[in-house]
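In full-length UniProt numbering, the protein residues as written are 1 to 738.
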C-alpha cells in the first residue's frame, strides 16, 4: 500500500504532552446520553486532513478545551511507540546486502555490540553497548546494562519464535532479511523519554534507517523495546511478558515497512493505519481488547472536540490518535466479517490507502459507500452501538459497551478531514444543518425517540441469531430448521412459542457457525430439528450430539407430513391451513397461531394431502389463509368449520388476517413480502411481543399495509436494507411520529 499524503522524511520528535491538573472526569463521561437526548454527528468526510472546514454556526454554549490526563487511567493508555522514518534517497543510502555466514559467526551469545539509539526527549542519536543474551531461530535478544537476565531473555526469544513470529508473518506479511542472518534483533534498554513516574512513555520503536548503509545505522532488522516503565517500575520486579504485546506491535511495523517499501516499492503506510494494524496485532496476541485505549477514547476531550482519525497529531493529544486508530481497525474487521485476515488483505493491497480501504468496503460491506462515509459510520457506531448492523460492533464484548464523549462547546468549529464530534440536540426531527458549513461537512442525525428499529444480520442465519438475541437471554430448548426452505421454520412457530424457544437456521449438511455460537450462548440443552434428513442431514444431528445436547427430530417424508407431525404436539381444536408452496400467508398468520397454540397445516391448491387430512381429524374449526388462487373453494369446503381470510394480493391477505385475527397494538413487526429468509425465525418473537407481522416490499409500503401502520406505537423491521430499504424505514418512522 502506498501513502497518498506527504510524509515527513526526517525523524519527528514527539514532545510528551504537558498535562493539565484538575481534569474533571464528569465533563466527558457519557451518562446514558443516547437514551436521553437526540444527537447529531458532525463529520468532515474529506480524506485530506491537511485542510480544515467549518462545521457551520448555531449556539450551544462554550467550548471546553481541556486536554485529558487522568492518572487513574491504566498505564497502557499512555503507551507510545514510533515508526521513525528515513529517506534513503535524501541520504543516498543503499539497502544492506549482508552475508548470512559472516553474520552468524559474529553474533554469538555473550558477545558485545554497539547500537545507535534515539533519545526521544532530545531527538539525538547516541551509542550504547549491549550483550547478546539469547539467540533463537528467529530472534537475537540484545540487552543493555543487564536490564534483564539471561533467563528472561530466553523467555522473550522463545515467545517470539513460538507465538509472535508466526502470528505476524501469517496474518500480516513477512520480514525483510537485509543482514542475511534470518533473525530479528530485539534491543532491550531503558528508552530515554522523560518518563518520571506518570504520563506518557515510549514502549518501543522501529527505525527503518537500520536497513540501510548510512550513518547511525545498526545494519540489520532491529526494533527497540523499553524496560522502564514498560516492564515494571523497578528492575528487581521487571516482567518481560508485559512487553510481549509491544513486540508484536513493533514487529508488525517492521513487516509493514518491508511489504510497502521493499516489496511493493512504495512508501510508508500512513501512521494512523499502520498503528491500527499494530494494535490489531497486539489484540491478536493478547487475546482480548485493549481496554486502556478504549478507556482513553471514552474520556478524551480531544475526541469530544473533533479529533481527526487521519491526522496523526504528534505535537498534540496523540493518545487520542491511538484510541481512534485502534477502534477503527476493529470496527472495519467486524463490519467486513472476514476475521483477522482482513488486515493482511489491506497490507498486501499495492494500492494507496484510500483505494485499498475503499476496495475492502466495496467488497465486503457496501459497494456504493465511500471511505469518508464509512468513517462517519464508524463514529455513528461508536455513539449508538447497535447490537447488530452497520452502527455497532455486532455485540462483541467490551466494544459493545463503549460510551462516546459529547462535544460541549460552541460553533462554528473547524474540523480536519477525518474529524468529527457528537453533539446533543433537543429534537432531531426539526433540526436543520447550518448553511454556512463546509462542503465536506455532513450532519448525521440520531433520533433517540425513533419509533422503528431493525433486527438483521448479514444473511438469514445471522438474522435468525439476531432475532434470538432480541428475545432470549437463555433458552433450555432451541428449534432448528433449514435455512434454505421456508415450510418447516414457519409451521414450527407455534411449537417454538409453546417451548419458549427461539428458531435458529442451519445449512443442510453442516451446522452454521453463527448458529452453533448462538446455541452455546443460549446454554441450550435440547434441540428439536424440524424436517427430515433431506433438509437437515444426520451429519448436523451428529454434530449437535457431539456438543452434549439432547436432540429430537420431528421430520416427515415431505413438508405436509412434517407439518402434520408438529401439529400432534399442539392439542388445539383449531388448525390453520395454508398453501404449502409459498410463504407470505403463513408468515402473516404465524404470530397469531403461535400465541394461541394453533397448528399450521399445509395444502396444495386443488388437492388436500392425505397427511393434512389425517391431522385435521377431530378439529372443530379450520382457518384457511389465502385467496382461492392458492387454496381453492373445493378444498376449503371439505374442511371442518372452515373460514377463509384472504385478499387479492398477499398484502391484502395480511391486512385481512390483521383485522380478523388481531394482536396487540403497541408493537408490530414488518418484513418483506417478496422473499422468505429474513423473517423465517421471526414469528415466535412477534408472538412473544403480542405483535403481528406486516408485509412490505423493499422500496414501498403497499396500500393495504399502509392502512394498518398508524395504529402501532413502534415497529421492528426483520431483515437487512436489501430486504426492507432505508426509504421504507424512514416512511414508517414518519407515519409513527405524526
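The beta-carbon is built from N, C-alpha and C at its ideal position, and this holds for glycine as well. Predicted model, so just to flag it, every value in this text is computed and none were measured.
Here's the rule: buried if 16 or more other CB atoms are within 10 angstroms of the residue's CB, otherwise exposed. What is residue i?
i           : result
residue 669 : buried
residue 89  : exposed
residue 732 : buried
residue 200 : buried
residue 335 : buried
residue 321 : buried
residue 233 : exposed
residue 112 : exposed
residue 591 : buried
residue 288 : exposed
residue 65  : Bear in mind that a pLDDT of 33 at residue 65, under 50, signals an unreliable position, so the number given afterwards is only what the model happens to contain. Result: exposed.
residue 20  : Caution applies to residue 20, whose pLDDT of 27 falls short of 50 and renders its modelled position unreliable; the value that the coordinates give is listed next. Exposed.
residue 291 : exposed
residue 539 : exposed
residue 745 : Since the first and last residues shown for the chain are 1 and 738, residue 745 lies out of range.
residue 367 : exposed
residue 146 : exposed
residue 356 : buried
Can you give me the C-alpha to C-alpha distance between residue i and residue j, rounded to a whole angstrom?
i           : j           : result
residue 383 : residue 506 : 33 Å
residue 723 : residue 653 : 20 Å
residue 451 : residue 377 : 21 Å
residue 644 : residue 626 : 7 Å
residue 575 : residue 623 : 6 Å
residue 369 : residue 484 : 30 Å
residue 381 : residue 393 : 7 Å
residue 54  : residue 442 : 11 Å
residue 560 : residue 602 : 6 Å
residue 400 : residue 298 : 13 Å
residue 700 : residue 738 : 19 Å
residue 610 : residue 683 : 27 Å
residue 127 : residue 217 : 11 Å
residue 608 : residue 686 : 29 Å
residue 226 : residue 137 : 22 Å
residue 22  : residue 228 : With a pLDDT of 28 at residue 22, under the threshold of 50, the modelled position of this residue cannot be trusted, and the question is left open.
Can you give me the start and stop residues for the alpha helix (DSSP H) that residue i sits inside?
i           : result
residue 493 : 493-498
residue 633 : 633-636
residue 44  : From DSSP, residue 44 is part of no alpha helix (DSSP H) but of the beta strand (DSSP E) over 38-44.
residue 137 : Counting along the chain, residue 137 falls outside any alpha helix (DSSP H), and DSSP gives it neither H nor E.
residue 543 : 538-545
residue 53  : Taken as a continuous stretch (DSSP letters only), residue 53 belongs to no alpha helix (DSSP H), being part of the beta strand (DSSP E) at 52-54.
residue 705 : 703-709
residue 586 : 584-596
residue 460 : 460-471
List the residues that DSSP assigns as beta-bridge partners of residue i.
i           : result
residue 578 : 602 and 625
residue 727 : BP columns for residue 727 are empty, so no partner.
residue 307 : DSSP, once it has assigned bridges, lists no residue as partnering residue 307.
residue 144 : 130
residue 668 : 715
residue 185 : 140 and 222
residue 481 : 505
residue 94  : 213
Are the beta-carbon atoms belonging to residue i and residue j less than 8 Å from one another?
i           : j           : result
residue 206 : residue 83  : yes
residue 44  : residue 316 : no
residue 511 : residue 552 : no
residue 728 : residue 445 : no
residue 305 : residue 421 : yes
residue 277 : residue 202 : no
residue 269 : residue 325 : no
residue 605 : residue 492 : no
residue 503 : residue 524 : no
residue 640 : residue 616 : yes
residue 171 : residue 140 : no
residue 339 : residue 498 : no
residue 583 : residue 486 : yes
residue 436 : residue 57  : yes
Tell me which residue opens and which closes the beta strand (DSSP E) that residue i is part of.
i           : result
residue 553 : 550-554
residue 201 : 201-207
residue 411 : Residue 411 -> no beta strand (DSSP E), and no H or E assigned at all.
residue 645 : 642-645
residue 423 : 420-425
residue 115 : 112-119
residue 178 : Counting along the chain, residue 178 falls outside any beta strand (DSSP E), and DSSP gives it neither H nor E.
Report yes if the C-beta of residue i is less than 7 Å from at least one heavy atom of the ligand FAD; otherwise report no.
i           : result
residue 129 : Inclusion of the ligand FAD in the displayed structure is not the case, the ligand content being empty and no account of it being possible.
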